[in-house]
Ligand code: PHE
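Residue numbers (our numbering): 131 to 471.
Put into structure tokens, the structure is as follows:
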């Protein structure tokens, strides 16, 4: 065909295809040569205009070139198939902003646990954890909780089957007192963060699973005033130096005397508001001097040693600290809530 040198065309094709780097470019290349108005179609259309004796050879050459093109395109396609789609179709634009990664953060409950544990470790306490599946003995008997105590009732505690095995989900962190005292001799000062379980119906102030921190100190000569001093330091570190505190007599089977500790309401500063139920005081923990019967159960000499213990609910402390009105927010996984901490 006049004006078209098949050998030159062949060379151009081979050079062009080497430079192709994307499926898009390859498609443009395919259309250019194999499309309905492409180069090959042009060649075939020109055949009738050739001299008779040239037609056959020219036709064969055009055909061979078409087959070669198909081969080259197929090879190129294969070389793209291992690449991610994004790089197949477009060159990477390094000026584009990256995909922002959501960085997780520490859950508010964990933050409060860590904060409280740090306050106590600074005062010389060690951190100990215990299992969430406990023995009935450690959860109740060892702690002087009588058989007829209502919390021993199957409806008030998650027992594991078979119930004769005496295993349950601990209803407080106090059983860790038994574990620690059975394995260590005084003097000791320990805090125990952890999950506890009670079959309460869920509402704005109850969950069937929540967190507590237990604390206890045992040695010869530990007095209630030690408990008071330690708890005052703790409460001021968490809620601020200007809070007031008070003890109210209470009953726990494993402490004697027992007391609940209140702090002056951090919202109304003691004047009375809806958070403190117009009382001006907020209950934050239970405490007392460890009952001699508990010492007997762990094999301590109750004539020689005295000690105090306290236990607080973490969710409650976190709610007061941050002004959270519904305890369920802690376990809804709502990022609008969690991102605020
Ligand atoms: N274990 C008690 C509770 O869960 C709290 C407590 C701990 C009270 C230690 C006194 C001493 O209510």
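Glycine residues also receive a C-beta, built at the ideal position from the N, C-alpha and C atoms.
The Cβ atoms of residue 450 and residue 415 do not sit closer than 9 Å to each other. Judged by DSSP secondary structure, residue 209 falls within the alpha helix (DSSP H) whose first and last residues are 182-211.
Under the three-state reduction of DSSP, residue 380 is assigned to strand.
A straight line joining the alpha-carbon of residue 192 with that of residue 148 spans about 21 Å.
Cβ atoms of residue 396 and residue 369 come within 8 Å of each other, at about 5 Å. DSSP, read as helix, strand or coil, puts residue 147 in helix. Look at residue 320: its beta carbon is at least 8 Å from all of the heavy atoms in the ligand PHE. In this structure, the beta-carbon distance from residue 425 to residue 432 falls below 9 Å. Of the other Cβ atoms in all chains shown, fewer than 16 fall within 10 Å of the Cβ of residue 166; this residue is therefore exposed. Counting of Cβ neighbours within 10 angstroms places residue 236 among the exposed residues, the total staying below 16. Taking C-alpha positions only, residue 262 is separated from residue 315 by approximately 24 Å. Around the beta carbon of residue 342, a 10 Å sphere encloses 16 or more other beta carbons of the protein chains shown; the residue is thus reported as buried.
Closer than 8 Å to some heavy atom of the ligand PHE: that does not describe the Cβ of residue 365. In terms of side-chain proximity, the C-beta atom of residue 341 is found no nearer than 8 Å to any non-hydrogen atom of the ligand PHE. Beta-bridge annotation (DSSP): residue 349 is paired with 436. Exclusion of the five residues before and after residue 265 leaves 296, 297 as the residues of its chain whose Cβ lies within less than 7 Å of its Cβ.
When rounded, the separation of the alpha-carbon atoms in residue 455 and residue 334 is 7 Å.
Residue state for residue 333 is assigned as strand, using DSSP reduced to three classes. Check the Cα spacing between residue 325 and each of 338, 332, 331: the tightest is with 338. Per DSSP, the beta-bridge partners of residue 443 are 342.
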